[in-house]
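Novice: Residue numbers (the numbering used here), protein chains in the order written: chain S, 363 to 597; chain V, 4 to 629.
All C-beta atoms, glycine included, are put in the ideal place defined by N, C-alpha and C.
Bear in mind the structure is a predicted one, so any value in this text is a computation, not a measurement.
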Amino acid sequence: MFIRAEYKKLDQLKYISHLELMSTFRSTFRRTNIALKYSQGFNPHIIFAMSQPLPVGMIGYEEYFDLELKQRLSLKEIKTQINTKLPNGLFVNDIIEISDNEKSLQAVVNTAKYQFRIRFNKKHIDKSKIINNFIKTKDLTITRYRRNKDNRKINIASMIHTGKIIEGNIWEFTVSTGSSGNVRPQEVIRALNHYTNNIIKKLSLTDIKRLGLYVKRKDKLYKPTNSKVLKKEVK
Amino acid sequence: MNVKELIYDELINVSKPERYIGNEYNIIKKNWKEIAIKVLTVFPDVYEIGMSHLGLKIIYHLLNEESNILCERAYSPWPDMERLLRKKDLPIFSLESGRGPKEFDILAFTLQYEMSYTNLLTILNLAGIEFYSKDRSETDPLVIGGGSIVSNVEPVAPFFDLIFIGEAENDLVNIINMYYNLKNSGLKKDKILLKLSSLPGVYIPTLYNIKYNENGTIESIKPDNEKIKSNIKRQVVSDLNEAYFPKKFLVPHMETVHDRATIEISRGCTKGCRFCSAGITYRPTRERKKEKILKLADQILKNTGYDELSLTSLSTVDHTEIDSLVKELINRYQEDKISISLSSLRVDKFSVKLANEVQKIRKTGLTFAPEAGTDRLRKVINKGISEDDLYEAVKAAFTEGWSTIKLYFMIGLPTEKKEDLNGIIEMVNNVLKLGKKIRKSSNKKMKPIWINVSISTFIPKANTPFQWETMIDRKELKKRLNYLRKNLNKKGINFSWNDEDLSLLESIFSRGDRRLSKVIVNAWNKGARFDGWGDHFDYNLWLKAFHEEEVRIDYYLRDRSLEELLPWQHIDMGLNNEFLKNELNKALSYETTDECRFNRCQGCNICYNLEFDLNVIGNDYNVHKS
Chain S
363 MFIRAEYKKL DQLKYISHLE LMSTFRSTFR RTNIALKYSQ GFNPHIIFAM
413 SQPLPVGMIG YEEYFDLELK QRLSLKEIKT QINTKLPNGL FVNDIIEISD
463 NEKSLQAVVN TAKYQFRIRF NKKHIDKSKI INNFIKTKDL TITRYRRNKD
513 NRKINIASMI HTGKIIEGNI WEFTVSTGSS GNVRPQEVIR ALNHYTNNII
563 KKLSLTDIKR LGLYVKRKDK LYKPTNSKVL KKEVK
Chain V
4 MNVKELIYDE LINVSKPERY IGNEYNIIKK NWKEIAIKVL TVFPDVYEIG
54 MSHLGLKIIY HLLNEESNIL CERAYSPWPD MERLLRKKDL PIFSLESGRG
104 PKEFDILAFT LQYEMSYTNL LTILNLAGIE FYSKDRSETD PLVIGGGSIV
154 SNVEPVAPFF DLIFIGEAEN DLVNIINMYY NLKNSGLKKD KILLKLSSLP
204 GVYIPTLYNI KYNENGTIES IKPDNEKIKS NIKRQVVSDL NEAYFPKKFL
254 VPHMETVHDR ATIEISRGCT KGCRFCSAGI TYRPTRERKK EKILKLADQI
304 LKNTGYDELS LTSLSTVDHT EIDSLVKELI NRYQEDKISI SLSSLRVDKF
354 SVKLANEVQK IRKTGLTFAP EAGTDRLRKV INKGISEDDL YEAVKAAFTE
404 GWSTIKLYFM IGLPTEKKED LNGIIEMVNN VLKLGKKIRK SSNKKMKPIW
454 INVSISTFIP KANTPFQWET MIDRKELKKR LNYLRKNLNK KGINFSWNDE
504 DLSLLESIFS RGDRRLSKVI VNAWNKGARF DGWGDHFDYN LWLKAFHEEE
554 VRIDYYLRDR SLEELLPWQH IDMGLNNEFL KNELNKALSY ETTDECRFNR
604 CQGCNICYNL EFDLNVIGND YNVHKS
């Protein structure tokens, strides 16, 4: 039985890395009474995969993982078991069953929604004008810093899809994420700063939240657990 | 005040912020307002080291079992975190409630390693607590210590209000309760400490006066008055099966040094290696019964979700039920893909066979510790193995498919000569040759043979037969290391060694006295931190500190006469006075001493002095009665 779970990673655990999160999930699964499926080979591991990594320091509200079980269990039972064994700061929101040949999360998820707590260098700013112009701009070239590789110039305009002001300093952007185009949340801020002549203070990753990960189809966003984007529904 | 909350969002700017967040699965958060006695345990090194330490885990859970005690944890801040805390003028905080040390009644340090002494000062200083016990105020928490280095705690003794000597499981709760009640009754700290000093295992350093001779040696160690005990006797858990052992271990999020479930299958080791301090200070050997271990394993694995179970002990393979225990564990946990690991192996075929059972598929590497290069020198240190034993063990290992073998040796041992160094070179080369030969004729797909040679420096430790011996001179040590390095520099051999200067400093502290405390403070003031971490250790800074405090280094490196009063004389390990001297004499005439557990009693007298029920000690306890 394959399941796909939507979970949140909150403030208490926002500093644990992607790899640490994976091992935290693995030990959580082993604490439950759920019979787990292990891979074959020299170093057997739980068959388990996660959606795009959440940067260290960032809270995520709708993150995902896939897991294979050895025996069938009711979705409610699985959710309860996992939630009672998770450490504080992690919580499974929802679980669905998926077919055994469903595309992986990293392959289908292509969009992320981020929320920024922005601080300005100046008072009296026409915020809506800034954001509207920003979204329409066709050239948002920034420098991408890459670990162990040379920096690269890249135009991220086509990968920033929407932007809106929730209230005052709280701004939201949806951007491309994943292997076929990826924008890091800090890059949105750098582009915004560049475009507006540095009116925004430098942001820390703790000022950004990832609200959700989505599958984008014809300008519409679907959760990866939505039956419309799953290969086939499992009853 | 919740310090953690105050700087939580700034942790993004320090390295490894997950060290400071807590929230591990199984964390115990008690209600601060409802619990009377608050204890903060501190491990004076970083989180990932401290969280791997079994002793502190036992204490944490043991204290929290008490309904009137709340026990929380703190670890050393890395230098970048220390800077952040100083910038904000904040103390280090507990991972549970986020509070600083001053809000607790008791600050309990575990002392495991001499090189963490400066870290201890960092924590006190950040909390605004004076270093020296005598300078602290009535409102400061009680600063207590314990752990494996208490066999000679003198260099840091002036920093502590109270030190517990020995294994604390049976006595700690009582001490804490008594302290709290006395404090509540309105007594001043010095009166409280005086009262506590009568409890078994309790050492109040300020109650003991030390007088020095003109030549610097110790003239006398005497308590303030006759009512205070003159010796502090080490406390021990008599039956490990009855001893407290936690079942709900914390599960850290970040990878720790020993990131696995741990069960202590036995305590103590009576092999009698003459350089080993633990071999004396944890005597006698006490085993946990197989049935008890199996039950604990089941509970601990369920509660933690770990996929590895480590059986720890000073000498795991010497547990009398180890063979059937390992088989049973493998049987039980194969399906859940839980692997079993053994913390230490003997140099013999039996160990290889056991290792093969637990590492059937993935062979990570095997470690053997011949310790010295010739049969003669191994007799001196009472490491009862011959050169052929080693070859037989590694032959078995290569044949089973291992391709990487790690060999531990020590240099600077008493009576060491050039031929002993040559012996190391020869043994390593022979092991390499043996491996290559077996690999060539093997039908298994073996990786190229690698021998990892790890050289550590012999350090004379308190409460060992070598406590009177000279610490090897720095120049000579360098010369011997270079000789080995030059001769073992070839393909297939990896060579690693201890930093010479670090060994030197460790040796000063391991036989040091209270006059060193001011050197530690001086070095700390100059910026000494995390001295055990190679890249943080600055020997020149320490040299300056010694110089400024007018403390002579060579005084602490020299050999001691058998008549000299040693700084740890008042700390009673339970040893017969003559035992160590006899062992030293035997060492110098190449005589070995058999392990008492399976042979006749060798007269250390610990079983008698510490009033052991001989039934719990081991196999052949009848011989002890005679």
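(1) Note down the Cα distance separating S:S379 from V:N177, rounded to an integer number of angstroms.
(2) For S:E430, which residues in chain V fall below 7 Å Cβ to Cβ?
(3) The beta strand (DSSP E) spanning V:P413 covers which residue range?
(4) Whole angstroms are fine: how far does the CA of V:C276 sit from the CA of V:T668?
(5) Does the pairing of the region 520-534 of chain V with the region 473-490 of chain V give three or more beta-carbon distances under 8 Å?
(6) Mapping DSSP to helix, strand and coil, what is S:M384?
(7) Which residue wins for smallest C-alpha separation from V:T142, given the options V:G150, V:V153, V:A130?
(8) If the cut is a Cβ gap below 7 Å, which residues of chain S does V:K251 touch?
(9) Closer than 7 Å between beta carbons: that is the criterion. Which residues of the region 420-447 of chain S meet it against chain V?
(10) Enumerate, from N- to C-terminal direction, the unbroken beta strand (DSSP E) stretches of 3 or more residues contained entirely within the region 490-572 of chain V.
(11) Considering only residues of the same chain and omitting the five flanking positions on each side of S:L567, which have a CB-CB separation below 6 Å?
(12) Got a sec, what are the start and stop residues for the alpha helix (DSSP H) V:R648 sits in?
(13) Looking at chain V, which residues of the region 447-473 of chain S have a Cβ within less than 7 Å of any of its Cβ atoms?
(14) Check distances from the C-beta atoms of the region 72-93 of chain V to those of chain S and list, in chain order, the residues that come in under 8 Å.
(15) Roughly how many angstroms separate the alpha carbons of V:I195 and V:F512, rounded to a whole number?
(16) For V:H261, which residues in the same chain have their Cβ closer than 7 Å to its Cβ, ignoring the five residues on either side in sequence?
(17) Would DSSP call V:V260 helix, strand or coil?
(18) Would you decide whether V:F134 is buried or exposed? Buried here means 16 or more other CB atoms lie within 10 Å of its CB.
(19) Using 8 Å as the threshold, is the C-beta distance between S:I504 and S:E549 below it?
(20) Sorted by chain position, which residues of the same chain lie with C-beta nearer than 7 Å to S:Q374's C-beta, five sequence neighbours on each side aside?
(21) Shorter than 8 Å from the beta carbon of V:I24 to some beta carbon of chain S?
(22) Hey, does S:I378 have any beta-carbon neighbour from chain V nearer than 8 Å?
(23) If I measure Cβ to Cβ from V:K330 and keep anything under 8 Å in the same chain, skipping five residues before and after, which residues do I get?
(24) What does DSSP give as the partner residue(s) for S:A474 in the beta ladder?
(25) What would DSSP say about V:G426, mapped onto helix, strand or coil?
(26) With 16 as the cutoff for other CB atoms within 10 Å, does V:K436 come out buried or exposed?
(27) Quick check on the burial criterion: 16 or more other C-beta atoms within 10 angstroms. Buried or exposed for S:I562?
(28) Taking 7 Å as the limit between beta carbons, can you name the residues of its chain near V:E374, skipping five residues before and five after?
(29) Determine the contact status of V:G368 and V:T407, defining contact as a CB-CB distance below 8 Å.
(30) Looking at the C-beta of S:P406, does it have a partner C-beta in chain V at a distance below 8 Å?
(31) Any C-beta of chain S sitting closer than 8 Å to the C-beta of V:I343?
(32) Could you have a look at S:M412 and say whether DSSP puts it in helix, strand or coil?
(33) How long is the line joining the alpha carbons of V:V49 and S:N494, rounded to whole angstroms?
(34) Name the residues in the region 9-43 of chain V whose C-beta lies less than 7 Å from a C-beta of chain S; which are they?
(35) Does any CB atom of chain S fall closer than 8 Å to the CB of V:G308?
(36) Put V:S154 into one of helix, strand or coil per three-state DSSP.
Specialist: Walking through what the data contain:
(1) The residue labelled residue 379 of chain S in the question sits at position 17 within the first sequence. The residue labelled residue 177 of chain V in the question sits at position 174 within the second sequence. Taking the straight line joining both Cα atoms gives about 41 Å.
(2) For the purposes of this step, residue 430 of chain S is taken as the residue at position 68 of the first sequence. Ordered by position in chain V, no residue passes the 7 Å Cβ test against S:E430, which lies about 14 Å from the chain.
(3) Translated into the one-based positions of the second sequence, residue 413 of chain V becomes position 410. With the sequence shown as reference, residue 413 of chain V is identified as Met, and Pro is not the correct amino acid for it. Taken as a continuous stretch (DSSP letters only), the beta strand (DSSP E) holding V:M413 covers 407-414.
(4) The question about residue 668 of chain V has no answer, for chain V in this structure spans 4 to 629.
(5) no
(6) For the purposes of this step, residue 384 of chain S is taken as the residue at position 22 of the first sequence. Residue state, collapsed to three classes: helix.
(7) Taking the second sequence and counting its residues from 1, the one referred to as residue 142 of chain V is at position 139. Among V:G150, V:V153, V:A130, the Cα nearest to that of V:T142 is on V:A130.
(8) Here residue 251 of chain V refers to the residue found at position 248 when the second sequence is read from its first residue. The contacting residues do not exist; V:K251 stays about 11 Å from chain S at best.
(9) none
(10) 496-500
(11) The count along the first sequence starts at 1 and reaches residue 567 of chain S at position 205. Contacts found: P417, G419, M420.
(12) Summary: the structure shown does not reach residue 648 of chain V, with chain V confined to residues 4 through 629, and so no result is reported for it.
(13) P449, N450, G451
(14) none
(15) Here residue 195 of chain V refers to the residue found at position 192 when the second sequence is read from its first residue. Here residue 512 of chain V refers to the residue found at position 509 when the second sequence is read from its first residue. Rounded to the nearest angstrom, the two C-alpha atoms are 30 Å apart.
(16) Taking the first residue of the second sequence as 1, we reach residue 261 of chain V at position 258. S55, S313.
(17) Residue 260 of chain V sits at position 257 when you count from the first residue of the second sequence. DSSP places V:V260 in coil when its eight states are reduced to three.
(18) Taking the second sequence and counting its residues from 1, the one referred to as residue 134 of chain V is at position 131. Buried, since its Cβ has 16 or more Cβ neighbours within 10 Å.
(19) Along the first sequence, read from residue 1 onward, the residue named residue 504 of chain S stands at position 142. Along the first sequence, read from residue 1 onward, the residue named residue 549 of chain S stands at position 187. Their beta carbons are under 8 Å apart, which means S:I504 touches S:E549 by this criterion.
(20) Numbered from its first residue, the first sequence carries residue 374 of chain S at position 12. These residues qualify, in order along the chain: N450, G451.
(21) Reading the second sequence from its first residue, position 21 is the one you call residue 24 of chain V. So, interface residue.
(22) On the first sequence, position 16 is the one that residue 378 of chain S refers to. It does: the Cβ of S:I378 has a partner Cβ on chain V nearer than 8 Å.
(23) Residue 330 of chain V sits at position 327 when you count from the first residue of the second sequence. Excluding sequence neighbours, V:K330 sits near E360.
(24) In the first sequence, counting from the first residue as 1, residue 474 of chain S sits at position 112. DSSP, once it has assigned bridges, lists S:V537, S:L575 as partnering S:A474.
(25) The count along the second sequence starts at 1 and reaches residue 426 of chain V at position 423. If DSSP states are grouped into helix, strand and coil, V:G426 belongs with the helices.
(26) Numbered from its first residue, the second sequence carries residue 436 of chain V at position 433. V:K436 should be labelled exposed.
(27) Counted from its first residue, the first sequence places residue 562 of chain S at position 200. It is buried - the Cβ of S:I562 has at least 16 other Cβ atoms within 10 Å.
(28) As a first step, residue 374 of chain V is located in the second sequence; it is residue number 371 there, counting from the start. Excluding positions up to five away in sequence, the list reads R381, I384, K386, Y411, F412, M413.
(29) Numbered from 1 along the second sequence, position 365 holds the residue referred to as residue 368 of chain V. Numbered from 1 along the second sequence, position 404 holds the residue referred to as residue 407 of chain V. Against a cut-off of 8 Å, the Cβ pair of V:T407 and V:G368 comes out as a contact.
(30) Residue numbering aside, residue 406 of chain S sits at position 44 when the first sequence is read from its first letter. Taking Cβ atoms only, chain V reaches closer than 8 Å to S:P406, which makes this a yes.
(31) Stepping through the second sequence from its first residue, residue 343 of chain V is reached at position 340. So no, V:I343 is outside the interface.
(32) As a first step, residue 412 of chain S is located in the first sequence; it is residue number 50 there, counting from the start. S:M412: strand per DSSP, three-state reduction.
(33) Walking along the second sequence from the start, residue 49 of chain V turns up at place 46. Walking along the first sequence from the start, residue 494 of chain S turns up at place 132. V:V49 and S:N494: Cα-Cα distance of roughly 48 Å.
(34) D12, L14, I15, P20, E21, I24, N26, E27, Y28
(35) Translated into positions along the second sequence, residue 308 of chain V becomes position 305. So, interface residue.
(36) Your numbering for residue 154 of chain V matches position 151 in the second sequence. Three-state DSSP puts V:S154 in a helix.
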